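Protein chains in written order, with our numbering: chain E, 1311 to 1580; chain X, 355 to 711.
Data first, discussion second: the structure below is written as structure tokens.
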């Protein structure tokens, strides 16, 4: 069983990473073709304040997205997990239904909702809540809305997985011993659903940093993220080696962060 | 200590607890005994606060707790599954209740150390629940529930997850602990032996109602209903009709034709039929004639060896069948076997009139 897995990993993870690594030390000619001559230049450029700033902003947006996803996703997951099985399955289906439609179409749907003469503004103006349309589209707010929308199911599902396994007797035991709703939540429910929360954080935070389509379409390229920069290097600037260097640095950062998080996690659980 | 007044609990159209009134005395070991679905667990959950009565009131001490949240009640529960917090050590589990009450850290440490000593868990304080045996987990659950010194300790079938040998041992420890603490225990079980051994009083529940409330001996020797007679121990339940009355005794004819003398106290005033319960061990069996108010002859139809006892199925000449249990020792001495003719003796006191419903 292990051998095919390793083969699969080698073909689709190790080899592409290797190609990326090789390219990141190359140079480009005037036509944008990759020239195989060793250089540190790409890595020096990665640490230019411009790119570090963009990276910082990307981390910030991803962090905000993750926090919002936890805040919205946790109650939803908890609610679903406490239902009867038939209701549970139906609600879970609702969470997953958006995946049946192309991600791009869903993003365009958001554009028609949020634009100046869109659904939201139309409704608010029709009901006299506002007189002038709200400018939401092509602002950071729109980007965050788009990111939260796109990644929310990736938060809900793992938390649901933990919440569903949580024995209700444990919550009752906490109440029985004098823990009110808040203490029971912080002392028992959170620690015991933490595996789901941390999996959700990983599943949301990491892809959210690299996301470029939403920032492009809903942010109107006003707030470029690290994903946009990398994408631009490959498709517009035709600077594959620099794009590769950005990708490598970006990936390494995650590996380090992940290993640190894992180590802390395993320490606190023993 | 606890006053349950006319409490009814319905789940949709299902009535789990049906107009139950019950008073539990301070320091008492009271058992709610009944088959699964009899409402005993629902009743317990209304005491802990996890369920709210549809009708009726519950008072604990002087306080009306009918609608009080579980975390505001001065009662603690030992859960059937123990419900130990898997992410906490034994020490943290036991100290949890005190920590929620904002007791000072040194005080917590002191009281946890005391109770750890009491339930013999010394040396296991830093273990997680999954590193403990079933019996140890049971002790942790018990310690966790008694350390906040609740007014009442509620126990939901706490011994049912243990194997038979350990269960017997924990039973004794539980009784010892309750005496030592002088705490009021309300104990839920479907195991009649457990109930008889542990309880000061037993409430036998069936179909959401209390069939009988009394001490173990009362319940065993004077079952009020056919259900109680049958559920606790074993009983020969026989229909009987009054034939004649003479002062304090009367003669009844059992189904099948056997006639017996009974004490008239407890017998219904009318001559309509009644149900009587006879415990199998009250049927005295011998090959020699017996001195008793009722003596009759019967044939041993079946003999089953059960270790300490022999179980005999007897049939009288008139065709009435009775189960009798005799000490294995006397069965050997008298060499009673299948097909033998024997004398049977029954004291009038041992024929107990029970309500059919």
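No residue lacks a Cβ here, since even glycine has one placed at the ideal position from N, Cα and C.
All values derive from a computational prediction rather than experimental measurement.
Using only the alpha-carbon positions, how far apart do residue i and residue j sit?
i                       : j                       : result
residue 1580 of chain E : residue 439 of chain X  : The predicted model places residue 1580 of chain E with a pLDDT of 41, which falls under 50 and marks its position as unreliable, so this point remains unresolved.
residue 506 of chain X  : residue 466 of chain X  : 19 Å
residue 1341 of chain E : residue 1351 of chain E : 18 Å
residue 1356 of chain E : residue 1558 of chain E : 10 Å
residue 1546 of chain E : residue 1499 of chain E : 48 Å
residue 508 of chain X  : residue 1429 of chain E : 57 Å
residue 517 of chain X  : residue 1408 of chain E : 50 Å
residue 1387 of chain E : residue 1422 of chain E : 28 Å
residue 450 of chain X  : residue 384 of chain X  : 26 Å
residue 1349 of chain E : residue 1529 of chain E : 34 Å
residue 1411 of chain E : residue 371 of chain X  : 51 Å
residue 609 of chain X  : residue 629 of chain X  : 10 Å
residue 682 of chain X  : residue 696 of chain X  : 16 Å
residue 1336 of chain E : residue 1418 of chain E : 37 Å
residue 1367 of chain E : residue 485 of chain X  : 46 Å
residue 534 of chain X  : residue 1383 of chain E : 49 Å
residue 1467 of chain E : residue 1480 of chain E : 22 Å
residue 1380 of chain E : residue 1502 of chain E : 15 Å
residue 1524 of chain E : residue 1551 of chain E : 25 Å
residue 618 of chain X  : residue 706 of chain X  : 10 Å
residue 1511 of chain E : residue 1561 of chain E : 17 Å
residue 457 of chain X  : residue 1491 of chain E : 19 Å
residue 1564 of chain E : residue 447 of chain X  : 36 Å
residue 1413 of chain E : residue 1456 of chain E : 11 Å
residue 1330 of chain E : residue 1324 of chain E : 10 Å
residue 476 of chain X  : residue 710 of chain X  : 52 Å
residue 1440 of chain E : residue 1426 of chain E : 12 Å
residue 1385 of chain E : residue 1449 of chain E : 28 Å
Whose CA, out of the options, lies closest to the CA of residue i?
i                       : options                        : result
residue 1504 of chain E : E:1473, E:1527, E:1524, E:1477 : E:1473
residue 603 of chain X  : X:556, X:620, X:495            : X:620
residue 413 of chain X  : X:405, X:401, X:537            : X:401
residue 1402 of chain E : E:1465, E:1497, E:1326, E:1323 : E:1465
residue 571 of chain X  : X:590, X:547, X:562, X:563     : X:547
residue 654 of chain X  : X:527, X:669, X:643            : X:669
residue 599 of chain X  : X:615, X:635, X:592            : X:615
residue 606 of chain X  : X:378, X:627, X:487, X:550     : X:627
residue 667 of chain X  : X:698, X:464, X:534, X:498     : X:698
residue 444 of chain X  : X:689, X:483, X:425            : X:483
residue 1549 of chain E : E:1450, E:1451, E:1334         : E:1334
residue 441 of chain X  : X:394, X:427, X:480            : X:480
Listing by chain order, which chain X residues have their CB less than 7 Å from the CB of residue i?
i                       : result
residue 1480 of chain E : 437, 439
residue 1498 of chain E : 439
residue 1509 of chain E : None at all; the shortest Cβ gap to chain X is about 17 Å.
residue 1501 of chain E : 441
residue 1493 of chain E : 454
For residue i, return the contacting residues in chain E, with the cut-off set at a CB-CB distance below 7 Å.
i                      : result
residue 455 of chain X : 1488
residue 402 of chain X : 1486
residue 431 of chain X : 1486
residue 450 of chain X : 1487
Whose Cβ in chain E lies nearer than 8 Å to the Cβ of residue i?
i                      : result
residue 424 of chain X : 1482, 1485, 1486
residue 502 of chain X : 1487, 1488
Just the chain X side, please: which residues come within less than 8 Å of residue i by C-beta, in chain order?
i                       : result
residue 1477 of chain E : 435, 437
Would you be able to state if there are at least three C-beta pairs under 8 Å between the region 1474 to 1486 of chain E and the region 431 to 448 of chain X? yes
Taking contact to mean 3 or more Cβ pairs, one atom from each stretch, closer than 8 Å, check whether the region 1394 to 1406 of chain E and the region 356 to 371 of chain X are in contact. In short, these stretches do not touch, since the Cβ pair count stays below three.
Which runs of the beta strand (DSSP E) spanning at least 3 residues fall entirely within the region 379 to 410 of chain X, listed in chain order? If we require 3 residues or more, the beta strand (DSSP E) runs fully inside the region 379 to 410 of chain X come out as 383 to 387.
Would the region 1556 to 1575 of chain E count as touching the region 385 to 394 of chain X if we require 3 or more Cβ pairs under 8 Å? no
In the region 560 to 584 of chain X, which residue ranges form an unbroken alpha helix (DSSP H) of at least 4 residues, counting only runs that do not cross its ends? 570 to 575
At what residue ranges does the region 479 to 564 of chain X contain a whole run of the alpha helix (DSSP H), taking only runs of 4 or more? 488 to 500, 518 to 535, 546 to 552
The region 1511 to 1518 of chain E / the region 1329 to 1346 of chain E touching (three or more Cβ pairs under 8 Å): no
Quick one: complete alpha helix (DSSP H) runs, 4+ long, within the region 1347 to 1429 of chain E? 1351 to 1356, 1359 to 1391, 1395 to 1406, 1413 to 1424
Do the region 415 to 422 of chain X and the region 511 to 528 of chain X make contact, defined as three or more Cβ pairs closer than 8 Å? no
Between the region 443 to 462 of chain X and the region 490 to 506 of chain X, can you find at least three pairs of beta-carbon atoms closer than 8 Å? yes
Contiguous alpha helix (DSSP H) assignments of at least 4 residues, all confined to the region 1504 to 1530 of chain E: 1523 to 1529
Across the region 685 to 694 of chain X and the region 576 to 592 of chain X, are there enough close Cβ pairs to call them in contact, namely three or more that are closer than 8 Å? The region 576 to 592 of chain X and the region 685 to 694 of chain X do not touch, with fewer than three beta-carbon pairs separated by less than 8 Å.
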